[in-house]
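Accompanying notes for the structure given below.
Protein chains: 2
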Amino acid sequence: MHRTSGEQDRVAERTGAFAPPPRLLLGPGPSMVHPRVLQAMASPLLGHLDPEFLRLMDEIQQRLRHVFKTTNPFTIALSGTGSAGMEAALVNLIEPGDAVIVGINGVFGSRMAAIVERCGGTLIRVEAPWGRIIEPEAIADALRSAGPVKAVAIVHAETSTGVEQPLAPIGSLCRDHDALFIVDAVTSLGGLPLEVDGWHIDACYSGTQKCLSCPPGLAPLTLNDRALAAIRSRTTPCQSWYLDLALIADYWAEGKRAYHHTAPISMLYALREALCLVEEEGLETRFARHRRHSAALLAGLAALGFTPFAQEGHRLPSLNAVALPPALEDAPLRTELLRQFGIDIGGGLGPLQGKIWRIGLMGESATRANVLTFLGALETLLFRRRWTGQPGQAAEAASRVYREQGLDEHSLV
Amino acid sequence: MHRTSGEQDRVAERTGAFAPPPRLLLGPGPSMVHPRVLQAMASPLLGHLDPEFLRLMDEIQQRLRHVFKTTNPFTIALSGTGSAGMEAALVNLIEPGDAVIVGINGVFGSRMAAIVERCGGTLIRVEAPWGRIIEPEAIADALRSAGPVKAVAIVHAETSTGVEQPLAPIGSLCRDHDALFIVDAVTSLGGLPLEVDGWHIDACYSGTQKCLSCPPGLAPLTLNDRALAAIRSRTTPCQSWYLDLALIADYWAEGKRAYHHTAPISMLYALREALCLVEEEGLETRFARHRRHSAALLAGLAALGFTPFAQEGHRLPSLNAVALPPALEDAPLRTELLRQFGIDIGGGLGPLQGKIWRIGLMGESATRANVLTFLGALETLLFRRRWTGQPGQAAEAASRVYREQGLDEHSLV
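Here you go:
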């Protein structure tokens, strides 16, 4: 092969294969990815209309229905990250002038509100302080006092605050008022109970890089017949062509498979494998695992003076938000955790910057070994700051929780 | 681990790891992917704000500038497939009421037109029969007769017809009329000459699964200062939040890195490796390789009675559209190619369904071994139909081209 001299210079800049440094991912996502999922992505590609690929799409749909707890035929993986799922749900269901109630108690509720406004929807904000749930009674009030409401949109697992939002009562309220119920399950799907059908959720989306422990790049999404009817009866075209769910439905529908865009094939390989792992473990077992490690982590952190940020009784097991003790500085500690231990955790967003940490225990990241490793690293750093008198006290507090729960002392998971 | 009995039943349905059947991908994309690129995706993940990941983003930007032939600082990989690139370019640059000229001579020009209408733009269609280029003179006429035009949008490589559109004269026209020049380079980037800066292209997007030979899932995109100024001076918010390039610019900008959404990390690993391979080969060498194998393929197909569909002198080397001889049936032949040989080629879209084939020789797919393998398989099928008297004639015609070009008889690539 011939190269021009300019190009030879460029080639010389190569530094060899990219080798990511070792990382323990305990932030708000991506979570750790199982080697089987990583390996799946290294499989050769299929054409996106190949019968074998279409069969894989069918399989993914079936497995997604299982984790969403739904029988909705329209249950797919959208070709974008979780934020694309949010945008798709809203821009397809909301038309200009539609009244939409949005629960806002963190970054992701605020983002929903911003998208509703970009759709020309009439936004009805129901707010709560960051760290607290949206009281179902507040949604009930808004539904009673507003005129006809097209939809209620709310975040199940607020990744910015660590709050788990109760959904079932809001689902019933939506049915009573004939409003669509749109739920953001980005940080809950596959990590804590979510009942799409049981809770009357009409549209629900998620991301792959949280409790499903798959790399980011797809947005699982499910719509029931009420949501689909709302889309089919739009009087204006959806403002997005790429995320137009009426067109995408024709691509995923068995028997139709109308070309819309080329699906991210390798990501779908990964998602299939991640969903297999979820089923092999079993949903209930997986939820219990998330709860167990969250409890141990919080016990360990409490021993060091960190306090849970989210409202008691509504704390996410998948994303543990804790307030830093006032004397501790956020940024230097997180930098040392990353540089010295390769441990990646999340800081606070917006008004919570510098005040809280967000420690993700999602999917593959939620293990005893990871909780104890993190607590040990943190204790080491705090000991150097003369913060903690006795290294091991956090790990001991966590271990006590594990013993109480009957977890084998030698269990890594 | 405990499982509920219902879940045990589900687990029993598992069929083991997904193993895609062997495929030679010679369709309109995805193209074959180099093992180094596949392996890159199997690397463990980094957090999307990890300093090492941000460094990787910088590297990808630099390598993308090289293939786009641009110095634009805003040169990124968007978190969606090529169609997301199209949508992003249009919804960010077009505001309601803006006059936009769109060249329409195939599926992808039609798609651009549809998106312009969803943005509320005033669409000015400049059409040509499918298979022919949009004459620059027709764009000149439209620019002269319309009032002020915000943008001219056109497809460089029409994947539905195999036409290569001349761009340089249109770029000059756009500057003369102070219109933005938006180019779809999905099936050209990395496979044939494209000069973003040299041809006065203001916004250009592509996909990864074509001539870059990377799996689908990202849309390389570049904007110059004129395009960015148009975005920064919008009077209405961009209708897409997910694809809002003003927000995305703040995520990719060195020093800012404002969180917008979680990037598809594994796909970026893949793109980095694919771009390394492009640089190692050298762009000119790569373009020549695409031309060489296209010429050989067309010679072989001519020997069997297939004729090029696209206008002479404007045929894409990366996507070879050929008209089927009238007596041959499209669907059964393509099915046999896939089932008996594992060879995936594309059929015609829309009005061309059943009439043409679209044979992609993009990136890793563009090799002598693949051309000869495809021709051999096709000859076998045609021989069974008593179509061809003498198996080997197509391969011989292709080999003649290789000999004329001085390619080693034993070269696989």
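Protein sequences, first through last, are from chains A and B. The opening position of the first sequence corresponds to residue 1208 in my numbering, with each subsequent residue numbered one higher. The opening position of the second sequence corresponds to residue 1208 in my numbering, with each subsequent residue numbered one higher. Yeah, the Cβ is synthetic: ideal placement off N, Cα and C, and Gly gets one too. Here the structure is a predicted model, which means the values were calculated and not measured.
request  = Excluding the 5 residues preceding and the 5 following Arg1641 (chain A) in the sequence, name in chain order all residues of the same chain whose CB lies nearer than 6 Å to its CB.
outcome  = An answer regarding residue 1641 (chain A) cannot be provided, because it is not within the stretch 1208 to 1620 covered by chain A.
task = Pull up the CB-CB distance for Ala1605 (chain B) and Ala1506 (chain B), whole angstroms please, since I reckon it's below 8 Å.
result = Their Cβ separation, rounded to whole angstroms, is 5 Å, which keeps Ala1605 (chain B) and Ala1506 (chain B) in contact under 8 Å.
request  = Could you run through the region 1547-1559 of chain B and flag, in chain order, every residue whose CB is less than 8 Å away from some CB of chain A?
outcome  = Of all residues in the region 1547-1559 of chain B, only Asp1551 and Leu1556 place a beta-carbon less than 8 Å from a beta-carbon of chain A.
query = Taking Ala1534 (chain B) as the reference, which of B:Leu1589, B:Leu1482, B:Ala1495 and B:Pro1515 has the closest Cα?
reply = Nearest C-alpha to Ala1534 (chain B): B:Leu1589.
8 Å Cβ cutoff, Met1474 (chain B) in contact with chain A = So yes, Met1474 (chain B) belongs to the interface.
ask   = Which of the three DSSP states, helix, strand or coil, is assigned to Ser1352 (chain A)?
value = Note: Ser1352 (chain A) maps to helix in three-state DSSP.
query = Roughly how many angstroms separate the alpha carbons of Thr1469 (chain A) and Arg1522 (chain B), rounded to a whole number?
reply = Distance between the alpha carbons of Thr1469 (chain A) and Arg1522 (chain B) is about 23 Å.
key: Residue-level contact to chain B via CB, Met1208 (chain A), 8 Å cutoff   = The predicted position of Met1208 (chain A) is uncertain, since its pLDDT is 36 and thus under 50; no value can be drawn from it.
task = Specify the secondary structure class of Glu1342 (chain A) as computed by DSSP and reduced to three states.
result = Note: Glu1342 (chain A) maps to coil in three-state DSSP.
ask   = Taking DSSP as the reference, what is the three-state secondary structure of Arg1522 (chain A)?
value = In the three-state reduction of the DSSP assignment, Arg1522 (chain A) falls in the strand class, which pools E and B.
ask   = Using Cβ-Cβ distances below 9 Å, what residues of the region 1443-1476 of chain B are close to chain D?
value = The structure shown has no chain D; the protein chains it does contain are A and B.
inquiry  = Quick check on Gly1613 (chain A) - is its C-beta less than 8 Å from some C-beta in chain B?
reply    = False, the Cβ-Cβ gap to chain B never drops below 8 Å.
key: Separation of Val1485 (chain B) from Gly1583 (chain B), as counted between CA atoms   = Going from the Cα of Gly1583 (chain B) to the Cα of Val1485 (chain B) covers about 29 Å.
query = Can you tell me whether Gly1254 (chain B) is buried or exposed, with buried defined as 16 or more other CB within 10 angstroms of its CB?
reply = Buried: at least 16 other Cβ atoms inside 10 Å.
contact_flag[the region 1449-1457 of chain B, the region 1454-1462 of chain A] where n(CB pairs < 8 Å) is 3 or more = Fewer than three Cβ pairs drawn from the region 1449-1457 of chain B and the region 1454-1462 of chain A lie within less than 8 Å of each other, which leaves the two stretches out of contact.
query = Between Glu1586 (chain B) and Val1578 (chain B), what straight-line distance do the alpha-carbon atoms span, to the nearest angstrom?
reply = A straight-line Cα-Cα distance of about 12 Å links Glu1586 (chain B) and Val1578 (chain B).
task = Determine the DSSP secondary structure at Tyr1466 (chain A), reduced to helix, strand or coil.
result = Tyr1466 (chain A) falls in the coil class under three-state DSSP.
request  = Give the straight-line distance between the Cα atoms of Gly1310 (chain A) and Pro1524 (chain A), rounded to the nearest whole angstrom.
outcome  = Going from the Cα of Gly1310 (chain A) to the Cα of Pro1524 (chain A) covers about 21 Å.
key: Exposed unless 16 or more other CB atoms sit within 10 angstroms - verdict on Ser1440 (chain B)   = It is exposed - the Cβ of Ser1440 (chain B) has fewer than 16 other Cβ atoms within 10 Å.
DSSP-derived helix/strand/coil call for Asn1527 (chain B) = Looking at Asn1527 (chain B) - three-state DSSP - the assignment turns out to be strand.
message = Residues of chain A with CB closer than 7 Å to the CB of Leu1253 (chain B), please, in chain order.
response = Listed along the chain, the chain A residues whose CB falls inside 7 Å of the CB of Leu1253 (chain B) are Pro1227 and Arg1230.
message = Do Pro1423 (chain A) and Pro1237 (chain A) count as a contact pair if the criterion is CB distance below 8 Å?
response = It is a contact, given that the beta carbons lie within the stated cut-off.
inquiry  = Just to confirm the assignment: which complete beta strand (DSSP E) runs, minimum length 3, are found wholly within the region 1262-1307 of chain A?
reply    = Qualifying beta strand (DSSP E) stretches, in chain order: 1281-1285.
ask   = Does DSSP put Gly1613 (chain B) in a helix, a strand or coil?
value = Here DSSP, grouped into helix, strand and coil, assigns Gly1613 (chain B) to coil.
query = Applying the criterion that 16 or more other CB atoms from any shown protein chain within 10 Å of the CB defines a buried residue, is Glu1571 (chain B) buried or exposed?
reply = Under a 10 Å Cβ-count criterion, Glu1571 (chain B) is classified as buried, with 16 or more other Cβ atoms of the shown protein chains found around its own Cβ.
request  = Please work out which residues of its chain come closer than 6 Å, Cβ to Cβ, to Glu1480 (chain B), disregarding the five sequence neighbours upstream and downstream, and give them in chain order.
outcome  = If the five residues before and after Glu1480 (chain B) are omitted, its C-beta is found closer than 6 Å to the C-beta atoms of Arg1243, Val1244 and Ala1247, all from its own chain and listed in chain order.
request  = From the DSSP output, in three-state form, read off Cys1326 (chain B) for me.
outcome  = In the structure shown, Cys1326 (chain B) sits in coil (DSSP, three-state: anything other than H, G, I, E or B).
ask   = DSSP on Thr1574 (chain B), reduced to helix/strand/coil?
value = Coil, per DSSP.
query = What residues in its chain sit with their C-beta under 7 Å from that of Thr1174 (chain A), if we drop five residues either side in the sequence?
reply = Missing from the structure shown is residue 1174 (chain A); chain A here goes from 1208 to 1620 and no further.
query = Should Gly1287 (chain A) be flagged as near chain B, meaning a C-beta pair shorter than 8 Å?
reply = For Gly1287 (chain A), the answer is yes, since a Cβ of chain B falls inside 8 Å of its Cβ.
request  = Compare the C-beta of Gly1236 (chain B) with all C-beta atoms of chain A and state if any pair is closer than 8 Å.
outcome  = True, the Cβ-Cβ gap to chain A drops below 8 Å.
ask   = Counting only beta-carbon atoms, is Ser1212 (chain B) nearer than 8 Å to chain A?
value = A caution first: Ser1212 (chain B) carries a pLDDT of 43, below 50, which makes its placement in the model unreliable, though a value can still be read off. Residue contact check for Ser1212 (chain B) against chain A: no CB pair falls below 8 Å.
query = How many angstroms separate the CA atom of Gly1462 (chain A) from the CA atom of Val1362 (chain A)?
reply = Between Gly1462 (chain A) and Val1362 (chain A), the C-alpha separation is close to 34 Å.
Buried/exposed call for Asp1432 (chain B), threshold 16 Cβ in 10 Å = Under a 10 Å Cβ-count criterion, Asp1432 (chain B) is classified as exposed, with fewer than 16 other Cβ atoms of the shown protein chains found around its own Cβ.
task = Say whether chain B places a C-beta atom closer than 8 Å to the C-beta of Arg1332 (chain A).
result = Closer than 8 Å: no.
query = My guess is that Gly1328 (chain B) and Asp1305 (chain B) are in contact by the Cβ rule of under 8 Å, so how many angstroms apart are they, rounded?
reply = Confirmed, Cβ separation roughly 5 Å.
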